[in-house]
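Residue numbers (full-length UniProt numbering): 1 to 451.
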């Protein structure tokens, strides 16, 4: 039996707060083109959750939204973000005009219904602060991975408070502070930061990828040295490269930063770019005359580092292509880069997009993959998601900032590609998200089909 329903998220995020109702939405998407699909939602924790609506119909190839409501809880979840005990099951079947929705999924014999599952993850500022105050590094990392913009949404007072809590931990304070800062915790640079990490204003701007701020600091000469060192011997250029911010790195280099500066481990910025598998950064540094033959304290050049990391990059690309979510997450958790690309310039995000692996696409974005990266022909992941024909994958990319009007080297936009391939639903989605509705000229359509 062909699949009848899909859910927009395999893991639904609920912003948890004590003693308050908490809500989240998940979309049910009909995959049946000929008949309505009846559904009924069940949960392993009916004492905790309500679902609105608990049952209903989804018209052919249409969508409906379920609201998941967590009743007020007086205690913090025993495990978070993941909550293994809280599971949801949606029973689905083709709906006949004489059927009753409420009884349909119960009375039909085995094999007549399909099961669609999703899980719950508890996240949000309340749990993030609780995890930080308890020194729960893994929980903090997991929340930040699921909610990339959570720190950006904090007020200045909330950010300062969270930073203070992290610095006052009895153990592993420096690791917690570093995790929060690298994830984007924005605080006013002060003597505490300089003392703890040895970071200057340039270090902070580079670590957060703030190109305009670096330009301003350089223009106003508000820095002691472009090559000032933190406690690990890293210059702002090292941090810009680690952030994969080509803009920051270029500004620093063009302003006179030392491209051969070494950290305490003897690594230059070029070593770090090679270790990250960041081909574009490596190319930019070499164009700026960084020396690829310099060796670190272990006697390794950037070529040696790139070779050592190459197998891991290939593994990420393969896992993304195959849709192997757990294996990919394991690789990324161990430090593998999302920026590796093959000889055609294809990154893991490109190959996951064209295969329609939307959850892999989302995971890669959570780990910092650039939604605007381009292959050798100038195709962004959105171009390939359109070519692959997966509306859901296209929507994930658009939801995460992909440019609906991106152009390849031949001038093709995602909308042109969708129209040329006859994907009416994707074309409408792109236009709804701001893609230019003007039709391409015949020569443009021809170039799209040649891509």
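Think of the CB as a built atom: it goes at the ideal place given N, C-alpha and C, for glycine as much as any other residue.
Backbone CA spacing between residue 307 and residue 57 [nearest angstrom]: 54 Å
Three-state secondary structure assigned by DSSP to residue 327: helix
Inside the region 192-264 only - alpha helix (DSSP H) runs reaching at least 4 residues: 201-207, 211-220, 236-242 and 246-254
Contact belief for residue 433 with residue 404 at Cβ below 8 Å, rounded distance in angstroms: 5 Å
Delimiting residues of the alpha helix (DSSP H) encompassing residue 82: Residue 82 -> not in any alpha helix (DSSP H); beta strand (DSSP E) instead, spanning 82-94.
Residue 237 beta carbon less than 7 Å from that of residue 252: yes
Closest by C-alpha distance to residue 277, when choosing among 341, 71 and 291: 341
Residue closest to residue 255, alpha-carbon to alpha-carbon, out of 223, 359 and 167: 223
Range of the contiguous beta strand (DSSP E) that encloses residue 27: 22-30
Residue 426 - containing beta strand (DSSP E), residue span: Premise fails: residue 426 lies in the alpha helix (DSSP H), 424-432, not in any beta strand (DSSP E).
N-terminal and C-terminal residue of the alpha helix (DSSP H) that residue 399 is part of: 391-399
Alpha helix (DSSP H) segments (min. 4 residues) lying fully within the region 285-368: 302-322, 325-333, 348-355 and 358-366
Burial state of residue 79, where buried means 16 or more other Cβ atoms lie within 10 Å: exposed
Sufficient close CB pairs (3 or more, under 8 Å) joining the region 321-330 to the region 356-367: yes
Counted within 10 angstroms of its Cβ, other Cβ atoms place residue 164 as buried (16 or more) or exposed: exposed
For residue 245, the nearest candidate out of 213, 228, 86 and 225 (CA to CA): 213
As assigned by DSSP and simplified to three states, the class of residue 115: strand
Opposing strand residues paired with residue 40 [DSSP bridges]: 55 and 91
Among 231, 118, 170 and 202, nearest to residue 220 - alpha-carbon criterion: 202
Bounding residues of the beta strand (DSSP E) (the contiguous stretch that carries residue 67): 63-70
Residues of its chain near residue 417, where Cβ-Cβ distance is below 7 Å and the 5 sequence neighbours each way are ignored: 383, 386, 387 and 448
Classification of residue 264 by the beta-carbon crowding that lies within 10 angstroms, buried from 16 upward: exposed
Residue 4 and residue 37 closer than 7 Å at C-beta: yes
contact_flag[the region 387-398, the region 421-429] where n(CB pairs < 8 Å) is 3 or more: yes
The beta strand (DSSP E) enclosing residue 6, as first and last residue numbers: 5-7
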